[in-house]
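Numbering (the working numbering), first residue to last: 237 to 620. For each residue, glycine too, the CB sits at the ideal point set by N, CA and C. Predicted model, so just to flag it, every value in this text is computed and none were measured.
Below, the structure written as structure tokens:
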């Protein structure tokens, strides 16, 4: 079934494949996986049931040109960070574009300037919008400069909340403190509405509820995340006596899904906000056989006396597993590794650094239709 194109195609740098029929997009992604993992064959890519309005999170940028014209939206394709005023986005729910218009109208009513990356002046950086696809919860987070010269006054913050015009929306201010020679620091301030949103995932015949803070990681495509996680559970060969490690666990969605089938799950995550949410989520869902630890994956695995797992789940950021994490995995020697990745190139590079493991199965999943991004699951086994 055909679907009209977004009015911002082809200027927008987000949906670079939107002009390509969806069936052809799947073929292109399948070919990319086959190329990366050649000569091994992959299972057919799992399509997205609804390739439109699927994103539960969007981040929009504030920008101004030399003439002072104001822009709030996404990055222009093939530009060096130039922002255009977004009117619609067909891969996100309609309320997000509507909220963006309200935020833009609020900005126009103020003297606030967009943050300038060249000279460090200005206030407004980004606007992040999130939703619980199954719950209907909504969240907005305004990120601003931490430079006190450009701080928002109370009236401006009140105006922002009023402009969004949704008393049930969770609204936050995030202050980004960047000082030359020091790590960037972030501080969140709750402005209005609930202090978190919730999402539900249907996994292994159960409905699990997840609390999500404004900065916590959660798969951006809720319905396809269910497909991804249920597929991962089907691929992994587990028994009720299995010990599982969930590395880079985020809010431990995948770890909790595996806890439904395993004897014990140990989950590790660097982001303390995500760890807090994960522990709350485990309690809410009455999952008692998961141990959630806060820290860098490589350091935790190298320093702690942890059980040798039957299965290690790794779902790292795009750069892949760092050297410390790879070495720790080699020492742990799990019987199986289930490697979930949004970057199959670094995934393949990491797997090549684990010569004692053999690829058993490759399963691509289309999490992000109309973009070149591919989510890929690879099952590895030791002892061949």
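Please say whether residue j and residue i have beta carbons closer to each other than 8 Å?
i	j	result
residue 580	residue 261	no
residue 431	residue 406	yes
residue 547	residue 474	yes
residue 530	residue 511	yes
residue 490	residue 518	no
residue 375	residue 393	no
residue 660	residue 318	Any question about residue 660 goes unanswered here, given that the chain covers just 237 to 620.
residue 379	residue 359	no
residue 344	residue 386	no
residue 562	residue 585	no
residue 281	residue 551	no
residue 663	residue 429	One cannot answer for residue 663 here, as it falls past the ends of the chain, which runs 237 to 620.
residue 464	residue 369	no
Using C-beta distances below 7 Å, list every residue in its chain close to residue i, excluding the 5 sequence neighbours before and after it, in chain order.
i	result
residue 254	241, 242, 245, 606
residue 608	252, 253
residue 545	479, 480, 481, 568, 570
residue 329	289, 367
residue 322	244, 296, 309, 310, 333, 336
DSSP puts residue i in a beta bridge; with which residues?
i	result
residue 548	481, 573
residue 309	297, 321
residue 500	479
Skipping 5 residues on each side, what residues in its chain have a beta carbon closer than 6 Å to that of residue i?
i	result
residue 293	366, 456
residue 615	471, 574, 596, 597
residue 626	With the chain covering 237 to 620 only, the question about residue 626 has no answer from this structure.
Helix or strand or just coil, what does DSSP make of residue i?
i	result
residue 237	For residue 237, the predicted structure reports a pLDDT of 49, less than 50, and the residue's modelled location is therefore unreliable. A value from the coordinates is still provided. Three-state result, residue 237: coil.
residue 245	coil
residue 431	coil
residue 513	helix
residue 563	helix
residue 594	strand
residue 474	coil
residue 366	strand
residue 292	coil
residue 612	strand
residue 326	coil
residue 466	helix
residue 553	coil
residue 446	strand
Sorted by chain position, which residues of the same chain lie with C-beta nearer than 8 Å to residue i's C-beta, five sequence neighbours on each side aside?
i	result
residue 532	506, 560
*Ranges of the beta strand (DSSP E) found wholly within the stretch 394-423, counting only runs of at least 3*: 406-413
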